[in-house]
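A.B. asks:
In this note's numbering, the protein residues as written are 49 to 585.
1. CB-CB under 7 Å to residue 324, same chain, minus the five flanking residues each way: which ones, in chain order?
2. What residue range does the alpha helix (DSSP H) around residue 283 cover?
3. Go through its chain and collect everything with a Cβ distance to residue 108's Cβ below 7 Å, but skip five positions before and after it.
4. CA-CA distance, residue 216 and residue 376?
5. Could you give the first and the last residue of the continuous alpha helix (DSSP H) run that contains residue 198?
6. Per DSSP, what are the beta-bridge partners of residue 190 in this structure?
7. In its own chain, which residues sit with a C-beta less than 8 Å from the C-beta of residue 261, not counting the 5 before and 5 after it?
8. Alpha carbon to alpha carbon, how far is residue 378 from residue 137? Give it in angstroms, no decimals.
9. Which residues does DSSP pair with residue 470 in a beta bridge?
10. Note down the Cα distance separating residue 337 from residue 269, rounded to an integer number of angstroms.
11. What is the C-beta distance between residue 83 and residue 416, in whole angstroms, given that I count them as a contact (C-beta under 8 Å)?
12. With distances taken Cα to Cα, identify the nearest neighbour of residue 448 among 81, 502 and 535.
13. Return the chain-ordered list of same chain residues with a C-beta closer than 7 Å to the C-beta of residue 509, the five sequence neighbours on each side being excluded.
14. Taking the straight line between their C-alpha atoms, what separation do you get for residue 560 and residue 465?
15. Give the DSSP bridge partners of residue 405, in chain order.
16. Taking contact to mean 3 or more Cβ pairs, one atom from each stretch, closer than 8 Å, check whether the region 301 to 315 and the region 117 to 128 are in contact.
17. Candidates 437, 431 and 374: which alpha carbon is nearest residue 165's?
18. Please state whether DSSP places residue 251 in a helix, a strand or coil.
19. Beta carbon of residue 190, beta carbon of residue 182: below 8 Å?
20. Considering Cα atoms alone, identify which of 368, 289, 225 and 119 is closest to residue 237.
21. Rounding to the nearest angstrom, what Cα-Cα distance links residue 399 and residue 388 in this structure?
22. Just to confirm my understanding: we take residue 292, look at its own chain, exclude 5 residues before and 5 after, and list those with CB closer than 7 Å. What are they?
23. Can you tell me whether residue 239 is helix, strand or coil according to DSSP?
24. Per DSSP, residue 125 forms a beta bridge with which residues?
25. Distance, Cα to Cα, residue 333 vs residue 250?
26. Give the single residue among 201, 105 and 406 whose Cα lies nearest to the Cα of residue 280.
27. Would you call residue 555 buried or exposed, if buried means 16 or more other Cβ atoms sit within 10 Å of its Cβ?
28. Using a Cβ-Cβ cut-off of 6 Å (strictly less than) and excluding sequence neighbours within five positions of residue 200, which residues of its own chain qualify?
29. Could you say if the region 142 to 149 and the region 315 to 331 meet the contact criterion of at least three C-beta pairs nearer than 8 Å?
30. Would you say the region 355 to 371 touches the region 110 to 120, given that touching needs at least three Cβ pairs under 8 Å?
31. Under a three-way DSSP split, which group does residue 505 fall into?
32. Here's a check: name, in chain order, each residue in its chain whose Cβ is nearer than 7 Å to the Cβ of residue 287, leaving out the five neighbours to either side.
33. Starting from residue 530, follow the alpha helix (DSSP H) in both directions and report where the run begins and ends.
34. Distance, Cα to Cα, residue 212 vs residue 203?
35. Note down the Cα distance separating residue 587 from residue 207, rounded to an integer number of angstroms.
36. Quick check on the DSSP output: the alpha helix (DSSP H) that includes residue 387 runs from which residue to which?
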């Protein structure tokens, strides 16, 4: 069994039958309660939107994201294959390694960001017990021994505590993490609602909060709302491309489809509503908008009182659990799966998760969270690369192949295979991927402060859509001009027809690939003929 077969075999194991629709609902309900979701919606308030305008952006953004997630998730749920294997169809058996590396790198960076937020939760928990656990001031505190780092000793140590405490949770097999999300799904929303009520009471009712108007007007308001929608989609950029890593464990496609389609917009809209109201309440309570809910908790903590300290501790503990679950589900597993595909002989999903954690430790994540502008700029840049991958993936499966995949050949590095293309690289997929990135390059330069034309800025405001559409249309056009093998003229998903597949080729297998068979002909050499009805471990 070669390295492609070795890493691909994991996707066909018996644990594919262990996630039902109930677990899917718990997974996404639990995942919706995380701090960066609050921060995205709160950042809209700071930028000038009113609470209801920000919430409209949230509903639209996460509904669109749910549709994209369902589209990629169906591939995994139908054929029980992960993101690295899915990409071999559109980028080639070796060409798929770059998108996999790209996504793994993004997951590692995002792991660090989420871990830093989790570290801030730990900081609040410790400070709620020992008030001296704070930056040095005239009344005490801990001296900053790392002033040139961009952070302080207390915050870095708290971050390290969270990072260290997360390591044991990377160890369990993927299919057993659902128990963590079951706990999270009950505890975290309860604490979130308690925080919401606390903030509303401190603001003397919800009336003063909801009657605040936004500061943006005219066309500026319209483009701020567009950016708010794009920020919500960007928050899901990783899951949009790597959902097959989770949906492949579904018993049937509907077990993945319905929980995602319903729970993502509803769960994230509810969480964002709490974040929006809590952030808006800070304007009433303190006279300024605080976009980070943890900063608001710290402001409550500074006012003292044993009751407030206890409340901050419980809410911060819940947020710590929220960050832990989100980091495991969205980042360490994703990175681990990708690294398994990159180096299957040396890296397992577990080892890849630990590599991801190490990268997250050393990449100085606090620099990305220094302001709401830095945070949203990072999210936008993050989605530019992944939107192009998603465009190629979705176009390849739904419009070019019409749901048809040859599972056996996805696990083969044979030069005669339909997914080998040119030296294992699919030039059409790469051309489309690069085109999807290039459309946003000039606008990205503007986002980091360079002078660029207003048109480029507007395209970048629509960065996910721009990258996705350009990549998918380019890929479709190239495949029409230069047709590829292993496609179907009509819709033909054969995942549920496979009952016995051996992912390893036998010596007696034909070395030739007959494209005519793939299009309904009657060729002599048809490895797929046996693959469609045989799945053997």
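No residue lacks a Cβ here, since even glycine has one placed at the ideal position from N, Cα and C.
Note that the structure is a prediction, hence the values are computed from the model and not measured.
C.D. replies: Per the coordinate set shown:
1. On the chain shown, position 276 is the one that residue 324 refers to. Apart from sequence neighbours up to five positions away, the residues of its chain that approach residue 324 with a beta-carbon distance below 7 Å are 89, 90, 93, 99, 102 and 103, ordered along the chain.
2. Looking up residue 283 in the chain shown gives position 235. Residues 266 to 283.
3. Position 60 of the chain shown, counted from the start, is the residue given in the question as residue 108. The beta carbon of residue 108 lies closer than 7 Å to those of 277 in the same chain, with the five residues before and after it left out.
4. Counting from one through the chain shown, the residue named residue 216 turns up at place 168. Counting from one through the chain shown, the residue named residue 376 turns up at place 328. Straight-line spacing of the CA atoms in residue 216 and residue 376 works out to 11 Å.
5. If you number the chain shown from 1, residue 198 lands on position 150. From DSSP, residue 198 is part of no alpha helix (DSSP H); its letter is neither H nor E.
6. Position 142 of the chain shown, counted from the start, is the residue given in the question as residue 190. Residue 190 pairs with 183.
7. Within the chain shown, the letter at position 213 stands for residue 261. Within the same chain, residue 261 has close Cβ partners 98.
8. Here residue 137 refers to the residue found at position 89 when the chain shown is read from its first residue. Here residue 378 refers to the residue found at position 330 when the chain shown is read from its first residue. Between the alpha carbons of residue 137 and residue 378 lies a distance of about 23 Å.
9. By one-based count along the chain shown, residue 470 stands at place 422. Paired residues: 473.
10. Here residue 337 corresponds to residue number 289 of the chain shown, with the count starting at 1. Here residue 269 corresponds to residue number 221 of the chain shown, with the count starting at 1. When rounded, the distance between both Cα atoms is 18 Å.
11. Looking up residue 83 in the chain shown gives position 35. Looking up residue 416 in the chain shown gives position 368. The beta-carbon separation of residue 83 and residue 416, rounded to 14 Å, does not stay under the 8 Å limit for a contact.
12. Here residue 448 corresponds to residue number 400 of the chain shown, with the count starting at 1. Relative to the Cα of residue 448, the nearest Cα in the group 81, 502 and 535 belongs to 535.
13. The residue labelled residue 509 in the question sits at position 461 within the chain shown. Result list for residue 509: 271, 274, 275 and 278, in chain order.
14. In the chain shown, the residue the question calls residue 560 occupies position 512. In the chain shown, the residue the question calls residue 465 occupies position 417. Low per-residue confidence applies at residue 560: pLDDT is 45, beneath 50, and the placement is therefore not dependable enough to give any value.
15. Locating residue 405 in the chain shown gives position 357, counting from the first residue. Per DSSP, residue 405 has no beta bridge partner at all.
16. With three or more CB-CB distances shorter than 8 Å, the region 301 to 315 counts as touching the region 117 to 128.
17. In the chain shown, residue 165 corresponds to position 117, counting from 1. Measuring from the Cα of residue 165, the nearest candidate turns out to be 374.
18. For the purposes of this step, residue 251 is identified with residue 203 of the chain shown, where counting begins at 1. In the structure shown, residue 251 sits in coil (DSSP, three-state: anything other than H, G, I, E or B).
19. Reading the chain shown from its first residue, position 142 is the one you call residue 190. Reading the chain shown from its first residue, position 134 is the one you call residue 182. Remark: C-beta atoms of residue 190 and residue 182 approach each other more closely than 8 Å.
20. In the chain shown, residue 237 corresponds to position 189, counting from 1. Of the listed residues, the one whose Cα sits closest to residue 237 is 368.
21. Numbered from 1 along the chain shown, position 351 holds the residue referred to as residue 399. Numbered from 1 along the chain shown, position 340 holds the residue referred to as residue 388. Rounded to whole angstroms, the gap between the alpha carbons of residue 399 and residue 388 is 9 Å.
22. As a working note, residue 292 is residue 244 in the chain shown. The beta carbon of residue 292 sits closer than 7 Å to those of 120, 121, 123, 124, 129, 130, 131 and 134, all from its chain and outside the five residues before and after it, given in chain order.
23. The residue given as residue 239 occupies position 191 in the chain shown. Helix, per DSSP.
24. On the chain shown, residue 125 is found 77 positions in, with the first residue counted as 1. According to DSSP, which records beta bridges pairwise, residue 125 is partnered with nothing at all.
25. Along the chain shown, one-based indexing puts residue 333 at 285. Along the chain shown, one-based indexing puts residue 250 at 202. Each residue's alpha carbon lies about 7 Å from the other.
26. The residue you call residue 280 lines up with position 232 of the chain shown. Closest option to residue 280, judged by alpha-carbon separation, among 201, 105 and 406: 105.
27. Translated into the one-based positions of the chain shown, residue 555 becomes position 507. Annotation note: pLDDT 48 at residue 555 (below 50); position unreliable, no value reported.
28. If you number the chain shown from 1, residue 200 lands on position 152. Excluding five sequence positions before and after residue 200, the CB atoms of its chain that fall closer than 6 Å to its own CB belong to 183 and 192, given in chain order.
29. No, the region 142 to 149 does not touch the region 315 to 331.
30. No, the region 355 to 371 is not in contact with the region 110 to 120.
31. Within the chain shown, the letter at position 457 stands for residue 505. Residue state for residue 505 is assigned as helix, using DSSP reduced to three classes.
32. Locating residue 287 in the chain shown gives position 239, counting from the first residue. A distance below 7 Å between beta-carbons, with the five flanking residues on each side excluded, links residue 287 to the following residues of its chain, in chain order: 117 and 378.
33. One-based indexing of the chain shown puts residue 530 at position 482. Residue 530 -> no alpha helix (DSSP H), and no H or E assigned at all.
34. As a working note, residue 212 is residue 164 in the chain shown. As a working note, residue 203 is residue 155 in the chain shown. Going by the C-alpha atoms only, they are around 14 Å apart.
35. Not covered by the structure: residue 587. The range shown for the chain is 49 to 585.
36. One-based indexing of the chain shown puts residue 387 at position 339. Annotation for residue 387: the continuous alpha helix (DSSP H) segment containing it runs 381 to 390.
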